[in-house]
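2 protein chains.
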Amino acid sequence: MTRPELSLAPLHAFVVLAEELHFGRAAARLGIAQPPLSQQIRRLEDKVGHPLFTRTPGHTALTPAGRELLPAARRALEDLADGLAAARAVGGGSAGRLRVAFAASLALTVLPPLLRAYRDRFPDVHLDLHELTTAPQVAALHDRTVDLGLLREPPGEADLDTTTVHTERFVAVLPSTHPLATRRTVPLALLADDPFVLLPRAAGPRFHDRIIEACAAAGFTPRVAQRAVEWQTVCALVGAGLGVSLAPEGIRHLRLRGVAFRATTPDTVRTEVVAAWHKDDPNPLVAHFRAVIDDLRPSWTP
Amino acid sequence: MTRPELSLAPLHAFVVLAEELHFGRAAARLGIAQPPLSQQIRRLEDKVGHPLFTRTPGHTALTPAGRELLPAARRALEDLADGLAAARAVGGGSAGRLRVAFAASLALTVLPPLLRAYRDRFPDVHLDLHELTTAPQVAALHDRTVDLGLLREPPGEADLDTTTVHTERFVAVLPSTHPLATRRTVPLALLADDPFVLLPRAAGPRFHDRIIEACAAAGFTPRVAQRAVEWQTVCALVGAGLGVSLAPEGIRHLRLRGVAFRATTPDTVRTEVVAAWHKDDPNPLVAHFRAVIDDLRPSWTP
DNA sequence: TGGCGTGATATCTCTAAACGTATGACGCGA
DNA sequence: TCGCGTCATACGTTTAGAGATATCACGCCA
């Protein structure tokens, strides 16, 4: 790439003159007087080294050299105008690409309204969605393969900022044949002797610990009979009678046969859905997504 | 087309910096000090309205907006560099398109070496060749659908300039059975009583008149028994015994069976092949073609 | 032949910005 | 904690060129 020999202003004048083929009218369209236009064209011709127009009295026409330069000039001007507009759109956050990771269970609850609201406001932003559990999300945020993550419980990493999207109560997941399934609400302590089906702790340590804490507060340590990586599987195992479980309220949307979801007491035990992003990420799309979260928060936390 | 908001110099700096991702090295490549580069980039960012680079100590990187602008800037710079080079080539006459008309009979004689020499010297010039008789050539030169014409006898038009490419003697075209075919040279006067086969006068009035004049100088007016639009046909008709003809020496190349070409006396009667072009045509390709004609002229006029 | 239209020229002003030197801020690694 | 690398800032100089007005040159047509 070599140093540019021309400037855009004279090239614009050139293009306009090539369209008008009349110095007076072209100057008017450019909003300048006629002499400066003559000068600009002359300077341009000096730089090119050859005349670009033939000026016969009463008729201005392009020379072959001018005809050769015209399409290039036009393309360059259009490219730059388009590129500038695109850069502004991206810079202003009204266009671009935002990479969002989310925990699988959120696809049933907060994710759809969030995406719909965001898309309504920024239709020119392309969303790359990645379903990931907590640990991979943190890693992805770390090496910048993802701009924003939606996960259960704040990850507590120094270089990540978070905001709460939503807090949920826990529900007890019971086989429908379970004696407690006849009650509307289940005190946690009554589950002390049941075997538990839980997610592996590594998938989301903080969330897992929250469950253990809740049980501890109720006076027992859950006996884990089985682990499964997805809520779908956890609930299916519960339905098969392998045990009970504690799950965020949103899991109710799964509606599996043979599985009952019951509110638990005390209802002080809650779990958070949070958004996380790289601290000081200058990407305006991230800020916009956060704004959408802030706007929607009241709508699902009554 | 709207007024350009950017200039090329800063865009060039932007592209170089985007390649180097290092202000010091980019400045060195641009041949300037580092502070001016910082300023140019800052001004550019001000115009765009958003940062184009993230400057974290030890690392300079493109922002999404910068990534968006980069290809447009690169394309614009390349387009203009290419366009400028092309315009210069065309303006300097080393490239472009030259439209040449020629009389059909010249395709056998002067045209091939002329085109070969021209093409050797200006390989990037595209030649549009049109076979036309004299009158259409003059018309085409007039409305600029042709840049240069090659024809027999100067057209004598006020707005056309001409140069002689070549002068030729006339040869008698005889059936090989004709009594005069036994001679090496044929005095024109001996053809006084033969019927003539000639081109239509309208195809090239001056050339036609030249033949009539030659006969008049020999003391007779040719009796035209037949007209034909092409030399090929004229000679075929002569071979068929419909008469004799007078033709420029170059027609010998036709070499038809049953037709003899014989030199004529007096040899003062000659015909000119001329090139014609619009007076004051600024097209350098025309000038170059004329130069090639001038260079080649000695080679075929001994 | 004298206006009219068109473009070129002359001259002046003014500003943006290109560039340099000197220096400051800041994180990072020894 | 002290350099070092890296980029930003401050400030001054210089220049290209964009713009204006006034005027000239020239062909054309009434």
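Heads up: the protein sequence lines correspond to chains A and B, in order.
Quick note on numbering: the first sequence equals residues 1 to 302 in our numbering.
Quick note on numbering: the second sequence equals residues 303 to 604 in our numbering.
Beta carbons: idealized from backbone N, C-alpha and C, even for Gly.
Within-8 Å CB hit, B/E370 to chain A: Position 68 of the second sequence, counted from the first residue, corresponds to residue 370 of chain B. For B/E370, the answer is yes, since a Cβ of chain A falls inside 8 Å of its Cβ.
7 Å Cβ cut-off: residues of chain A touching B/L319: For the purposes of this step, residue 319 of chain B is taken as residue 17 along the second sequence, with counting starting at 1. Simply none; closest approach about 12 Å.
Chain-ordered neighbours of A/E157 on chain B, where CB pairs are closer than 7 Å: Locating residue 157 of chain A in the first sequence gives position 157, counting from the first residue. Result: empty, since nearest Cβ-Cβ is about 19 Å, beyond 7 Å.
Same chain, Cβ closer than 6 Å to A/T134, neighbours up to 5 away in sequence not counted: What you label residue 134 of chain A is simply residue 134 of the first sequence in a count that begins at 1. For A/T134, where only same-chain residues beyond five positions count, the Cβ hits under 6 Å are L151 and G204.
Three-state secondary structure assigned by DSSP to B/G451: If you number the second sequence from 1, residue 451 of chain B lands on position 149. B/G451: strand per DSSP, three-state reduction.
Limits of the unbroken alpha helix (DSSP H) element including B/D426: Here residue 426 of chain B refers to the residue found at position 124 of the second sequence. Element bounds for B/D426: not the alpha helix (DSSP H) but the beta strand (DSSP E), D426 to E433.
Segments of 3+ residues assigned as beta strand (DSSP E) that fall wholly inside the stretch 391 to 426 of chain B: 397 to 404
Under 8 Å from the C-beta of B/A589: neighbouring residues of chain A: In the second sequence, residue 589 of chain B corresponds to position 287, counting from 1. Correct list: empty, because the minimum Cβ distance to chain A is about 13 Å.
A/E5: contacting residues in chain B (beta-carbon distance under 9 Å): On the first sequence, position 5 is the one that residue 5 of chain A refers to. The answer, in chain order, is L310, L382, A383 and L386.
Residues that A/T54 contacts on chain B, provided the C-beta gap is smaller than 7 Å: Within the first sequence, residue 54 of chain A is the residue found at index 54, counting from 1. Within 7 Å Cβ-Cβ: P584.
Spatially closest choice to B/A405 from B/S547, B/L371, B/P312 and B/Q534, by CA coordinates: The sequence position of residue 405 of chain B within the second sequence is 103, counting from 1. Per the Cα distances, B/Q534.
Identity of the residues DSSP links to B/D569 by a beta bridge: Mapped onto the second sequence, residue 569 of chain B falls at position 267. For B/D569, which the question treats as bridged, DSSP gives no partner whatsoever.
Residues in the stretch 140 to 153 of chain A having any Cβ partner in chain B nearer than 7 Å: none
Assigned exposure category for A/P155 - 16 Cβ within 10 Å defines buried: In the first sequence, counting from the first residue as 1, residue 155 of chain A sits at position 155. Buried, since its Cβ has 16 or more Cβ neighbours within 10 Å.
Residues of its chain near A/A73, where Cβ-Cβ distance is below 7 Å and the 5 sequence neighbours each way are ignored: Taking the first sequence and counting its residues from 1, one reaches residue 73 of chain A at position 73. Only L11, F14 and V15 meet the Cβ criterion.
Pair within 8 Å by beta-carbon distance, B/S340 and B/F325: The count along the second sequence starts at 1 and reaches residue 340 of chain B at position 38. The count along the second sequence starts at 1 and reaches residue 325 of chain B at position 23. Cβ distance < 8 Å, so B/S340 and B/F325 count as in contact.
Best match in A/Q226, A/A225 and A/A189 for proximity to A/E303 [C-alpha to C-alpha]: Nothing can be reported for residue 303 of chain A: it is not among the residues displayed for chain A, which extend from 1 to 302.
A/V48: contacting residues in chain B (beta-carbon distance under 7 Å): For the purposes of this step, residue 48 of chain A is identified with residue 48 of the first sequence, where counting begins at 1. Result: L386, A389, R390 and G393.
Neighbour-count burial assignment, B/T573, 16 or more Cβ in a 10 Å radius: Taking the second sequence and counting its residues from 1, the one referred to as residue 573 of chain B is at position 271. Burial call: buried.
Integer-rounded CB distance, given that B/L450 should sit under 8 Å from B/V588: In the second sequence, residue 588 of chain B corresponds to position 286, counting from 1. In the second sequence, residue 450 of chain B corresponds to position 148, counting from 1. Yes, they are in contact, since the Cβ atoms of B/V588 and B/L450 sit about 6 Å apart, within 8 Å.
The stretch 259 to 274 of chain A / the stretch 183 to 198 of chain A touching (three or more Cβ pairs under 8 Å): yes
Where the stretch 164 to 183 of chain A meets chain B: residues whose CB sits under 7 Å from a CB there: none
Test: A/P64 CB closer than 8 Å to a CB of chain B: Within the first sequence, numbered from 1, the residue matching residue 64 of chain A stands at position 64. For A/P64, the answer is yes, since a Cβ of chain B falls inside 8 Å of its Cβ.
Partner residues on chain A for B/H314, Cβ-Cβ distance less than 9 Å: The residue given as residue 314 of chain B occupies position 12 in the second sequence. Going along chain A in sequence order, the residues near B/H314 (Cβ under 9 Å) are M1, T2, R3 and P4.
Pairwise C-alpha distance: B/P306 and A/P36: As a working note, residue 36 of chain A is residue 36 in the first sequence. As a working note, residue 306 of chain B is residue 4 in the second sequence. Going by the C-alpha atoms only, they are around 17 Å apart.
CB contact check: A/A73 to chain B, cutoff 8 Å: Within the first sequence, the letter at position 73 stands for residue 73 of chain A. Yes, contact with chain B.
Opening and closing residue of the alpha helix (DSSP H) in which A/T60 lies: Here residue 60 of chain A corresponds to residue number 60 of the first sequence, with the count starting at 1. Run containing A/T60: none in the alpha helix (DSSP H); it sits in the beta strand (DSSP E), H59 to L62.
CB contact check: A/G58 to chain B, cutoff 8 Å: One-based indexing of the first sequence puts residue 58 of chain A at position 58. Not closer than 8 Å to any Cβ of chain B, the Cβ of A/G58 fails to qualify, so no.
Straight-line Cα distance separating A/L296 from A/P302: As a first step, residue 302 of chain A must be located in the first sequence, where it is residue number 302. As a first step, residue 296 of chain A must be located in the first sequence, where it is residue number 296. With a pLDDT of only 47 at A/P302, under 50, the local geometry of the prediction cannot be trusted, and the value read off the model is given with reservation. Straight-line Cα distance between these residues: approximately 12 Å.
Sheet register partners of A/F170 (DSSP bridge): Within the first sequence, numbered from 1, the residue matching residue 170 of chain A stands at position 170. For A/F170, which the question treats as bridged, DSSP gives the partners A/P248.
Cα-Cα separation, B/G521 to B/I513: For this step, residue 521 of chain B is matched to residue 219 along the second sequence. For this step, residue 513 of chain B is matched to residue 211 along the second sequence. Going by the C-alpha atoms only, they are around 13 Å apart.
Reference A/Q226, options A/A217, A/A216 and A/L237, closest by Cα: On the first sequence, position 226 is the one that residue 226 of chain A refers to. A/Q226 has its Cα closest to that of A/L237, out of A/A217, A/A216 and A/L237.
Buried/exposed call for B/P414, threshold 16 Cβ in 10 Å: If you number the second sequence from 1, residue 414 of chain B lands on position 112. Exposed: under 16 other Cβ atoms inside 10 Å.
With 16 other Cβ atoms within 10 Å as the buried cut-off, status of B/V575: Position 273 of the second sequence, counting from 1, holds the residue named residue 575 of chain B. Label assigned to B/V575: buried.
7 Å Cβ cut-off: residues of chain B touching A/G96: Walking along the first sequence from the start, residue 96 of chain A turns up at place 96. P366, listed in chain order.
Validate contact between the stretch 466 to 480 of chain B and the stretch 578 to 588 of chain B using beta carbons, cut 8 Å, 3 pairs: no
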